[in-house]
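Line by line, the protein sequences give chains H and R.
Just so we're aligned: the first sequence equals residues 531 to 843 in the numbering used here.
Just so we're aligned: the second sequence equals residues 531 to 843 in the numbering used here.
From the three backbone atoms N, C-alpha and C, an ideal C-beta is built for every residue, glycine too.
Source: prediction; values computed, not measured.
Note sheet for the following structure.
Protein chains: 2
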Amino acid sequence: MANYVFGVDIGGTTVKIGLFTIQGELLDKWEITTRTDEGGRFILGDIAASVKAKAAEKAIADDDIAGIGMGVPGPVKEDGTVLKCVNLGWGIFNVEEELSRLTGYTVKAGNDANMAALGEMWQGGGKGHTNIVMVTLGTGVGGGIIINGKMLFGVNGAGGEIGHICVNDEETEKCGCGNTGCLEQYTSATGIVRSANILLNTSDKPSKLRNVQYISAKEIFDAAKEGDEVAANLVEKHGEALGKALAQIACVVDPEIFVIGGGVSKAGDILLDTTSKYFAEYAFHACRQTKFALATLGNDAGIYGGAFSILNV
Amino acid sequence: MANYVFGVDIGGTTVKIGLFTIQGELLDKWEITTRTDEGGRFILGDIAASVKAKAAEKAIADDDIAGIGMGVPGPVKEDGTVLKCVNLGWGIFNVEEELSRLTGYTVKAGNDANMAALGEMWQGGGKGHTNIVMVTLGTGVGGGIIINGKMLFGVNGAGGEIGHICVNDEETEKCGCGNTGCLEQYTSATGIVRSANILLNTSDKPSKLRNVQYISAKEIFDAAKEGDEVAANLVEKHGEALGKALAQIACVVDPEIFVIGGGVSKAGDILLDTTSKYFAEYAFHACRQTKFALATLGNDAGIYGGAFSILNV
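Structure, rendered in structure tokens:
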């Protein structure tokens with residue numbers, strides 16, 4: 531039996547790669563540039579060269595490597611077909627077959643948010659659970675769903691695309707996806723800043739946020755913790771939008787735990803408290819005790835999940 | 531290998547039972563009374579006696595019976611534990627173990643809406659698909675979710691409880707579940723009648739519905755088909771509420787097809803047309819082509835699903 535496994539997380543600017551033991555210890559991690567030119571045709575070759583070089587450097591034989599699990603920033607079908615990764619320039623093809631051909635290793639691919647959920651289940655905030663919804667509150671809002679230990683891919687690779695649940699019929703501004711009123715427009719890092727700017731421009735309540743030139747999500751949560759009323763109101767509304775959406779999701783997949791990650795989750799307990807308060811208010815009675823936790827792996831969740839996707843068959 | 535299988539669907543007043551070939555042919559079906567007295571303690575014994583008598587009548591040997599699959603009107607965990615079926619008087623116990631002890635057969639249990647979804651997948655409106663969301667529009671709104679051919683139970687047995695997704699923050703009337711604004715309050719048979727009464731009482735628009743003493747969902751859809759403006763407006767609002775909620779659900783589980791059943795689904799194409807129109811409006815782009823179909827098994831969906839739950843391991 532092989533003792534090592536690679537986890538890969540392809541982003542729009544860098545590819546993160548990790549070498550793990552099959553027990554879940556991260557032995558080494560590094561990054562390479564994501565070459566998105568010429569339709570992203572060099573990306574898989576670069577990854578193949580990088581993991582092969584690492585295996586040689588560490589003197590690990592090919593048959594001691596269980597495989598490569600890889601998160602991709604776009605929809606991925608369960609058979610390894612990517613459906614279009616606009617950030618990478620990719621069209622539609624089977625990334626598992628291609629990277630396997632280039633390396634000789636077993637390859638598994640999945641959407642990056644789903645892989646992050648798998649990583650948090652293996653070694654992070656979801657450890658000990660097998661039915662997980664992970665929410666990543668970053669520039670956008672990503673979601674990953676694990677049912678009985680397996681990723682929910684969705685038929686169009688859109689399983690767990692919870693950032694695009696419509697939560698507001700009155701919204702007039704468009705989300706990046708083309709719809710209006712998406713959860714992402716209110717609960718992402720960008721979303722809460724947008725809400726802050728709207729609120730500050732339409733009221734004259736005093737707030738320390740008025741002294742900040744470029745407001746970030748961090749400043750809003752920090753000001754709320756210090757008692758700033760406008761900021762506290764924004765955090766409350768953020769928690770309400772998120773908690774309510776998670777209550778809707780609980781009526782669909784009824785998980786054991788919600789794991790919240792991404793940059794916004796650095797706000798910590800205040801985020802969990804407001805979100806879980808509104809969750810309990812809107813949740814179906816059978817799901818009202820669903821647990822909440824913060825993600826703990828940060829930007830490494832994707833490589834952990836990639837590695838685990840190879841082991842978890 | 532066994533050639534026969536029983537499907538059971540326990541309701542609040544009758545238990546439906548079917549004898550099937552393992553190929554999916556329904557050979558015989560019958561009903562027994564659901565004895566809910568004394569905490570429902572006779573129900574499983576009555577079922578056991580009834581299937582044993584049928585096997586004897588048909589001269590089918592025990593080892594020619596693959597098992598009994600059973601839908602239950604309440605939350606069921608994946609291990610066969612029912613969590614409380616208020617309609618039956620049941621508390622918390624393992625129904626699979628109990629019915630297996632009484633019959634000697636393999637037993638599988640699941641929530642009745644999930645079993646109906648499995649039945650429609652096997653021999654009904656979802657045939658040919660393995661990723662299905664079934665919506666049952668009856669007195670309430672039930673949901674059943676099938677991922678890669680398997681029922682999604684949920685950790686609290688609440689997987690697919692989509693009738694209790696909150697779709698309206700402004701609602702003041704309580705749903706049966708204790709929350710307000712649940713999908714069920716607008717899209718069940720009862721829900722659309724409630725909406726009709728509110729609309730008729732708050733406007734003086736002419737409508738043939740004004741001549742009906744006790745309005746039913748059927749009369750609303752029929753009047754809409756005949757061009758009644760008030761009824762058409764109600765059907766439009768019904769389709770919007772349902773289509774929008776299904777678009778939210780598609781962002782979570784991304785199924786191949788939505789199968790719509792229950793009494794309201796007898797309205798036929800008009801229901802599919804309005805629902806899929808609003809679905810497309812609210813859906814995330816990757817899921818916009820998700821199919822819609824009407825359920826075809828009617829009240830037999832549960833026994834078909836029960837039978838298939840035994841075969842589908």
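Check, Outcome
"C-beta neighbour in chain H for residue 696 of chain R, strict 8 Å", "yes"
"Contact the segment 783-796 of chain H vs the segment 651-670 of chain H: 3+ CB pairs below 8 Å", "yes"
"Spatial neighbours of residue 838 of chain H in its chain, beta-carbon cut-off 6 Å, leaving aside the 5 residues before and after", "648, 652"
"Cβ-Cβ distance between residue 664 of chain H and residue 629 of chain H below 8 Å", "no"
"Proximity of residue 827 of chain H and residue 654 of chain H at Cβ, strictly below 8 Å", "yes"
"Near-chain R residues of the segment 734-751 of chain H - C-beta to any C-beta below 8 Å", "none"
"Residues sharing a beta bridge with residue 796 of chain R, DSSP", "DSSP lists no partner for residue 796 of chain R."
"Minimum C-alpha distance to residue 612 of chain R - residue among R/565, R/687, R/805", "R/687"
"Alpha-carbon spacing of residue 562 of chain H relative to residue 817 of chain R, whole angstroms", "33 Å"
"Extent of the continuous beta strand (DSSP E) to which residue 822 of chain R belongs", "821-824"
"Collapsed DSSP secondary structure at residue 672 of chain R in the structure displayed", "strand"
"Under 8 Å from the C-beta of residue 671 of chain H: neighbouring residues of chain R", "Here the premise fails: no neighbours, minimum Cβ distance about 11 Å."
"Beta-carbon proximity of residue 802 of chain H to residue 794 of chain H, cut-off 8 Å", "no"
"Residues in the segment 812-827 of chain H having any Cβ partner in chain R nearer than 7 Å", "812, 814, 815, 816, 817"
"Validate contact between the segment 745-754 of chain H and the segment 690-698 of chain H using beta carbons, cut 8 Å, 3 pairs", "no"
"Closest Cα partner of residue 669 of chain R within the set R/724, R/683, R/684, R/645", "R/724"
"Cα-Cα separation, residue 616 of chain R to residue 733 of chain H", "50 Å"
"Integer-rounded CB distance, given that residue 713 of chain H should sit under 8 Å from residue 692 of chain H", "6 Å"
"Reduced DSSP category for residue 842 of chain R - H, G, I as helix; E, B as strand; rest coil", "coil"
"Under 8 Å between C-beta atoms of residue 597 of chain R and residue 840 of chain R", "yes"
"Element boundaries [alpha helix (DSSP H), containing residue 788 of chain R]", "Careful: residue 788 of chain R lies outside any alpha helix (DSSP H), inside the beta strand (DSSP E) at 787-791."
"Segment contact flag, the segment 762-771 of chain R with the segment 804-815 of chain R, C-beta cutoff 8 Å, min 3 pairs", "yes"
"Three-state class that DSSP yields for residue 531 of chain R in the structure shown", "coil"
"Secondary structure of residue 641 of chain R, DSSP reduced to three states", "strand"
"Bridge partner(s) assigned by DSSP for residue 624 of chain H", "H/611"
"The segment 569-586 of chain R / the segment 629-640 of chain R touching (three or more Cβ pairs under 8 Å)", "yes"
"Within-8 Å CB hit, residue 603 of chain H to chain R", "no"
"Helix, strand or coil at residue 633 of chain H according to DSSP, with G and I counted as helix", "helix"
"According to DSSP, residues forming a beta bridge with residue 549 of chain R", "R/536, R/558"
"8 Å Cβ cutoff, residue 661 of chain R in contact with chain H", "yes"
"Which of helix, strand or coil DSSP assigns to residue 781 of chain R", "helix"
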